[in-house]
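Colleague: One structure is given below, represented as structure tokens, and several questions about it will come after.
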Amino acid sequence: MNVSKILSFFVFPQSVVCEKNSLTDRYAKFYIGPFDKGVATTVGNSLRRFLLSSVPGYAISAVSIDGVLHEFSPINGAKEDFTDFILNLKQVRLKLLSEADRKEVFIHLKGEQVFKAGDLNKFDSDIFVANPDLVLLNLNEDADLRIKIVI
């Protein structure tokens, strides 16, 4: 079948307009259209996902603990299991103070303590944690953990 014949049924948007009075350094409102029925939602969701994935920032992308084989394993000396620890790490809001694209942080925890997000700064001063009071692990006196976190 001819491609031009297929595309003849599709209504292409005629304009893209940026609303000037809403424009700031962090916000802009665009009008794109007209679209066929149901197409606007698809295009809007794709555009939103693309823009959100393009926002620069830092997050914890990997974690490993010596002696923990998989995500469903218990952590010796900790109240939380590895899955709970991962879920807690996903809540950490941080940024790197240097221009590095990637950072590996090596952590050694021993004895009874509460390991909080703000404690990451003790192991690498290049990290700024926006929510330092977030509890990551509750450790008992048997704890002796070596953790590697990739940001």
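The working numbering numbers the first residue of the sequence shown as 3 and each following residue consecutively. C-beta atoms are modelled at their ideal positions from N, C-alpha and C, and glycine is treated no differently. It should be emphasised that the depicted structure is a prediction, and the values quoted were computed from it without experimental measurement.
So what does DSSP say about R28, is it helix, strand or coil?
Modeller: Taking the sequence shown and counting its residues from 1, one reaches residue 28 at position 26. Coil at R28, not helix or strand.
Colleague: Looking at C-alpha atoms only, which residue of I149, L98, D103, L136 is the closest neighbour of K112?
Modeller: Taking the sequence shown and counting its residues from 1, one reaches residue 112 at position 110. Comparing Cα-Cα distances from K112 to each of I149, L98, D103, L136, the minimum goes to I149.
Colleague: Which residues in the same chain have their Cβ closer than 6 angstroms to the Cβ of P134, if we skip the five residues on either side of it in sequence?
Modeller: One-based indexing of the sequence shown puts residue 134 at position 132. These residues qualify, in order along the chain: A119, G120.
Colleague: Based on the DSSP output, what are the partners of Q115 in its beta bridges?
Modeller: Numbered from its first residue, the sequence shown carries residue 115 at position 113. DSSP, once it has assigned bridges, lists L141 as partnering Q115.
Colleague: Closer than 6 angstroms by C-beta to Y33: which residues in its own chain qualify, once you throw out the five before and the five after it? Chain order, please.
Modeller: Sequence index remark: in the sequence shown, residue 33 carries index 31 (1-based). Counting only Cβ-Cβ distances below 6 angstroms, and skipping sequence neighbours, we find V19.
Colleague: Would you give the residue range spanned by the alpha helix (DSSP H) that F52 belongs to?
Modeller: As a working mapping, residue 52 is identified with position 50 in the sequence shown. Taken as a continuous stretch (DSSP letters only), the alpha helix (DSSP H) holding F52 covers 41-55.
Colleague: When the Cα of F74 is compared with those of D68, D83, I67, S66, which residue comes out closest?
Modeller: If you number the sequence shown from 1, residue 74 lands on position 72. Of the candidates D68, D83, I67, S66, the one whose C-alpha sits nearest the C-alpha of F74 is D83.
Colleague: Quick one: Cα of S56 to Cα of R50, how far?
Modeller: Here residue 56 is taken as the residue at index 54 of the sequence shown, counted from 1. Here residue 50 is taken as the residue at index 48 of the sequence shown, counted from 1. In a straight line, the C-alpha of S56 is about 10 angstroms away from that of R50.
Colleague: The alpha helix (DSSP H) that contains F11, what's its start and end?
Modeller: For the purposes of this step, residue 11 is identified with residue 9 of the sequence shown, where counting begins at 1. Unbroken run through F11: none, as it is neither H nor E.
Colleague: Let me know if I8 comes out buried or exposed under the rule of 16 or more other beta-carbons within 10 Å of its beta-carbon.
Modeller: Here residue 8 refers to the residue found at position 6 when the sequence shown is read from its first residue. It is exposed - the Cβ of I8 has fewer than 16 other Cβ atoms within 10 Å.
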